[in-house]
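Trainee:
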């Protein structure tokens, strides 16, 4: 079975390149944060407001974008989203004013939400057999951007170049990708055929609608929480140096990358639900063991085992997001864009709320207790994914929607 139908391969490569840059845009502000604080003399509160504005705008945008894709189509929604991202990146950090940068961060977040929903909607359409393999590969591109972007930023700053140039450069690349997308032939659903083949759906009446929301709420919180806190966890618990611990974030994302590329290549995607549950269980077990290891006496061998568990946690997390999106596409054949947007909104809210929860618990009870919350939520996300898989397999047997090309 081909991963992508020949007629959609050019489109898929364009979306793959877009998602690499999208992944970079999600991490670039964090990668330059020390420079921002030093150059602009912001305090942590000001920086938190600027970053938080992007997170809030993102989860608002994902919900709205689901309806825009339904009404306008994927291509116009993505074009609008890319315009917002370019506008934000072109001027972000051009001035030290926190208020101006808060607005620009919100513009970037709005655009990122539109890209997330618009691209995922296209991938669900071209994966007519619901294998989940194209979705996994696409989100592997996000992991590439999340790994390579900060490394490139670090090299740029070490070279002595103006660190703000990274934002202008990314804006220019987004312009090129926007032009590429303008000429792409994007599949769309034929409304008349869809109405004949499928009755109108009340989304909120389907439990999969809410399960997908909570699945991504938990997952994105766990994924970003581990990514943000694992360096400090290793410093405090395993006596790592600050310099060495910085590479642990890349180790986690390497696990994510291996899973997103490896699973589609090694497996034909006949049971994406089983893969989702199995790898989610691996993530839960790895995180739980990593937490338990933190209560033992620090030693070199414990640190080595902890690094292996961190990689396995990333591997276990790898296909969760694309796997949930694949099941959403299966459960809502006529309203995929709206259901995808609502599920992505859950992820956006999780990315916004979890850091505050973690920091509050760590402040009051210590880093070990704070990190333990991710073990609890990882177990919850596994249970929710299993429930979603049951609903998808027992309640939805709709035929794939016919595909056409939109101008």
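Residue numbers (the working numbering): 1296 to 1702.
Note that beta-carbon positions come from the ideal geometry of N, C-alpha and C, so glycine has one too.
1. So, under 8 Å CB-CB, residue 1449 and residue 1342 are touching, yes? Tell me the CB distance rounded to an integer number of Å.
2. Going along the chain, which unbroken runs of the beta strand (DSSP E) with 3 or more residues stay wholly within the region 1357-1414?
3. Look up residue 1482 in the DSSP assignment and say whether it is helix, strand or coil.
4. Going by DSSP in three states, residue 1638 sits in which element: helix, strand or coil?
5. Let me make sure I understand the geometry here. Which of 1602, 1685, 1500 has the alpha-carbon closest to that of residue 1532?
6. So, under 8 Å CB-CB, residue 1361 and residue 1632 are touching, yes? Tell me the CB distance rounded to an integer number of Å.
7. On a Cα-Cα basis, can you pick out the residue from 1680, 1557, 1378, 1574 that is closest to residue 1472?
8. Residue 1282 and residue 1512: beta carbons closer than 7 Å?
9. Excluding five sequence neighbours on each side, which residues of the same chain lie with their C-beta closer than 8 Å to the C-beta of residue 1576?
10. Which residues bound the alpha helix (DSSP H) around residue 1430?
11. Could you check the C-alpha separation between residue 1386 and residue 1331 for me, to the nearest Å?
12. Distance, Cα to Cα, residue 1588 vs residue 1598?
13. Does the separation of the CB atoms of residue 1431 and residue 1558 fall below 7 Å?
14. Reducing DSSP to helix, strand and coil, say where residue 1491 ends up.
15. Thinking C-alpha only, which one of 1317, 1625, 1517 is nearest residue 1405?
16. Checking 7 Å against the spacing of the C-beta atoms, do residue 1543 and residue 1525 come in under that value?
17. Kindly indicate the opening and closing residues of the alpha helix (DSSP H) around residue 1324.
18. Using the C-alpha atoms, what's the distance from residue 1628 back to residue 1494?
19. Among 1625, 1669, 1663, whose alpha-carbon lies nearest the alpha-carbon of residue 1646?
20. Once the 5 residues before and after residue 1623 are set aside, which same chain residues still bring their CB inside 8 Å of it?
21. State the Cα-Cα distance for the pair residue 1373 and residue 1661, rounded to the nearest angstrom.
22. Going by C-alpha distance, which of 1568, 1546, 1605 is nearest residue 1618?
23. Apart from the five residues just before and just after residue 1345, which ones in its own chain have a Cβ nearer than 7 Å to its Cβ?
24. Quick check on residue 1596: buried or exposed, where buried means 16 or more other Cβ atoms within 10 Å of its Cβ?
25. Can you list, in chain order, the stretches of the alpha helix (DSSP H) that have 4 or more residues and sit fully within the region 1530-1608?
26. Terminal residues of the continuous alpha helix (DSSP H) containing residue 1463?
27. Measuring only the C-alpha atoms, how far is residue 1556 from residue 1435?
28. Count the other C-beta atoms from every protein chain shown that fall within 10 angstroms of the C-beta of residue 1455, then say buried if there are 16 or more, exposed otherwise.
29. Secondary structure at residue 1613, three-state DSSP: helix, strand or coil?
30. Taking only the alpha-carbon atoms, compute the straight-line gap between residue 1467 and residue 1534 and give it to the nearest angstrom.
31. Comparing alpha-carbon positions, which option in 1520, 1328, 1679, 1665 lies nearest residue 1644?
32. Roughly how many whole angstroms lie between the Cα atoms of residue 1488 and residue 1301?
33. Apart from the five residues on each side of it in sequence, which residues of its chain come closer than 8 Å, Cβ to Cβ, to residue 1446?
34. Would you say residue 1579 and residue 1674 are within 7 Å of each other, going by their C-beta atoms?
Mentor: According to the structure data:
1. Incorrect: roughly 19 Å between the Cβ atoms, too far for contact.
2. none
3. Residue 1482 falls in the strand class under three-state DSSP.
4. helix
5. Scanning 1602, 1685, 1500 for the CA closest to the CA of residue 1532 turns up 1602.
6. Indeed, because the Cβ distance is near 5 Å, the residues count as touching under 8 Å.
7. 1378
8. Limits of the chain in this structure are 1296 at one end and 1702 at the other, which puts residue 1282 out of reach.
9. 1611, 1677
10. 1428-1453
11. 14 Å
12. 9 Å
13. The criterion of a C-beta distance shorter than 7 Å is satisfied by residue 1431 and residue 1558.
14. Confidence is the limiting factor: at residue 1491 the pLDDT is only 39, short of 50, which leaves the residue's position unreliable, though a coordinate-based value still follows. Helix.
15. 1317
16. yes
17. 1304-1335
18. Bear in mind that a pLDDT of 42 at residue 1494, under 50, signals an unreliable position, so the number given afterwards is only what the model happens to contain. Approximately 10 Å between the Cα atoms of the pair.
19. 1669
20. Apart from the 5 residues on each side of it in sequence, residue 1623 sits with its Cβ closer than 8 Å to the Cβ of 1419, 1503, 1507, 1631, 1634, 1635, 1638 in its chain, given in chain order.
21. Rounded to the nearest whole angstrom, the CA to CA distance from residue 1373 to residue 1661 is 42 Å.
22. 1568
23. 1393, 1396, 1397, 1400
24. exposed
25. 1537-1540, 1543-1561, 1567-1588, all fully within the region 1530-1608.
26. Residues 1460-1477.
27. 6 Å
28. exposed
29. Three-state result, residue 1613: coil.
30. 42 Å
31. 1520
32. Reliability fails at residue 1488, whose pLDDT of 38 lies under 50, so the model's placement of it is uncertain and the value that follows must be treated cautiously. Looking at the two C-alpha atoms, the distance is approximately 24 Å.
33. 1545, listed in sequence order.
34. yes
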